[in-house]
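Student: Numbered by the numbering used here, the letters in the sequence shown go through residues 1 to 128 in order.
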Amino acid sequence: MKRILLLIIAIVLVACLYLRMRTNEDTEMAEGIIGNTYVCVKPGFGGDKFTIRFNADGTYRYYEGSLSSYIGFGNWSVENGIVTMIETTGRDKTFHFRLEDDALYYVTEGSSKFMHVDVVEGDKFRLE
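1. Checking the sheet assignment: what are the DSSP bridge partners for Val78?
2. Name the DSSP bridge partner or partners of His96?
3. When you compare each of Glu25, Gly65, Asn80 and Thr59 to Gly35 by their alpha carbons, which one comes out closest?
4. Give me the Cα-Cα distance between Ser77 and Tyr70, rounded to the nearest whole angstrom.
5. Considering just the uninterrupted stretch of the beta strand (DSSP E) at Glu91, what are its terminal residues?
6. Distance cutoff 7 Å, beta carbons only. Does Thr27 sit that close to anything in chain B?
7. With distances taken between CB atoms, is the gap from Tyr38 to Phe95 smaller than 7 Å?
8. Check for me: the beta strand (DSSP E) holding Lys113 runs from which residue to which?
9. Can you grab the Cα-Cα spacing for the pair Thr88 / Arg3, in whole Å?
Now the structure itself:
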């Protein structure tokens, strides 16, 4: 009985340490994208420069092309190494990206479609 209790305590401690490390990694990742603009070169509405800007207050704004009248905006967060953007324009959209080597890569699973640009799994948004 004593061994089982010690094993349970050890498992809980390891899980707590893992979660703390994961939280620290997510915080560092979030701090690394604050104030940055990422660009994907894709045919959009009126141009091929799709930009996403991440603000320090947890908001973002994206433009799907230079002539598009649509501007996407909302709140962003980082959890388990995934950047999640939740649009607050009343359109109920969510977008997911993974951050690697100073670039964002689009993750289609659980993501909505953008309005004027066809973004597919793995499309790269480079740091501008």
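Positions of the beta carbon are idealized from the N, C-alpha and C atoms, including for glycine.
Tutor: So, from the data block:
1. Position 78 of the sequence shown, counted from the start, is the residue given in the question as residue 78. Answer by DSSP bridge pairing, in chain order: Val83.
2. Taking the sequence shown and counting its residues from 1, one reaches residue 96 at position 96. In the DSSP output, where bridge partners are listed per residue, His96 has Thr84 and Val107.
3. Residue mapping note: residue 35 aligns to position 35 of the sequence shown, counting from 1. When only C-alpha atoms are compared, the closest one is Thr59.
4. Taking the first residue of the sequence shown as 1, we reach residue 77 at position 77. Taking the first residue of the sequence shown as 1, we reach residue 70 at position 70. Approximately 22 Å, taken between the alpha carbons.
5. Taking the sequence shown and counting its residues from 1, the one referred to as residue 91 is at position 91. Here residue 91 turns out to be Arg, not Glu, going by the sequence shown. Neither: Arg91 is in no beta strand (DSSP E) and is coded neither H nor E.
6. No chain B is part of this structure, which consists of one protein chain only.
7. The residue labelled residue 38 in the question sits at position 38 within the sequence shown. The residue labelled residue 95 in the question sits at position 95 within the sequence shown. No, Cβ-Cβ distance for Tyr38 and Phe95 is not below 7 Å.
8. Indexing the sequence shown from 1 puts residue 113 at position 113. Counting along the chain, Lys113 falls outside any beta strand (DSSP E), and DSSP gives it neither H nor E.
9. As a working note, residue 88 is residue 88 in the sequence shown. As a working note, residue 3 is residue 3 in the sequence shown. When rounded, the distance between both Cα atoms is 51 Å.
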